[in-house]
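Residue numbers (the working numbering): 23 to 221.
All residues carry an ideal CB built from backbone N, CA and C; glycine is no exception.
First the structure, in the form of structure tokens, and then the observations on it.
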């Protein structure tokens, strides 16, 4: 890839997708560092071939080792706030909770947990996996995520370029809505028209 894409112009992110144990993940990222000098990496240690859910015990173990070796580790994880905090405490550079299973397109299944992770994190939170369409990205950004990682939703769209553009717009819109601060949710009606001076 480096024969065609200049690593000085494009950031490469070595990834351990397809690794099902700590040893394979560590070996993959160490090889990537030797090949290209890359220290910013994405760690995925999968636990199950059907769901592709992360094995969090192996993920935390791998994170600690990689951080000690000088890597900046962006970590794919479950949407469990307690485990996300353990990853941050282990030195993760970014927390990447899944929205739903990889490639499922189901969108955010647990907005409450994602919100809890965002509120407690001092590192970037990037929703990774399960995003199906642009509105899913908007929701993630409105919650306060720092970004979304999208692959299948664009690659499997009928018009991938148009879908990619849609995602760009949705991320911008969601971030702006977060920064603007949404109105308070009420469990009752609150008239927006003035009640004084009526006939």
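Given residue i as reference, the closest of the options once Cα atoms are compared
{"i": "residue 92", "options": "67, 60, 139 and 186", "result": "60"}
{"i": "residue 100", "options": "152, 161 and 47", "result": "152"}
{"i": "residue 83", "options": "39, 48, 102 and 73", "result": "48"}
{"i": "residue 45", "options": "32, 31 and 66", "result": "66"}
Euclidean distance between Cα positions of residue i and residue j
{"i": "residue 113", "j": "residue 78", "result": "15 Å"}
{"i": "residue 218", "j": "residue 210", "result": "20 Å"}
{"i": "residue 64", "j": "residue 206", "result": "36 Å"}
{"i": "residue 62", "j": "residue 180", "result": "32 Å"}
{"i": "residue 75", "j": "residue 214", "result": "46 Å"}
{"i": "residue 85", "j": "residue 134", "result": "25 Å"}
{"i": "residue 36", "j": "residue 71", "result": "21 Å"}
{"i": "residue 140", "j": "residue 162", "result": "10 Å"}
{"i": "residue 119", "j": "residue 175", "result": "17 Å"}
{"i": "residue 33", "j": "residue 170", "result": "17 Å"}
{"i": "residue 111", "j": "residue 148", "result": "17 Å"}
First through last residue of the alpha helix (DSSP H) which encompasses residue i
{"i": "residue 88", "result": "78-90"}
{"i": "residue 97", "result": "Counting along the chain, residue 97 falls outside any alpha helix (DSSP H), though it belongs to the beta strand (DSSP E) covering 94-99."}
{"i": "residue 64", "result": "Premise fails: residue 64 lies in the beta strand (DSSP E), 62-65, not in any alpha helix (DSSP H)."}
{"i": "residue 156", "result": "156-165"}
{"i": "residue 202", "result": "182-202"}
{"i": "residue 108", "result": "103-111"}
Bridge partner(s) assigned by DSSP for residue i
{"i": "residue 150", "result": "171"}
{"i": "residue 117", "result": "97 and 147"}
{"i": "residue 27", "result": "According to DSSP, residue 27 bridges with nothing at all."}
{"i": "residue 178", "result": "BP columns for residue 178 are empty, so no partner."}
{"i": "residue 68", "result": "76"}
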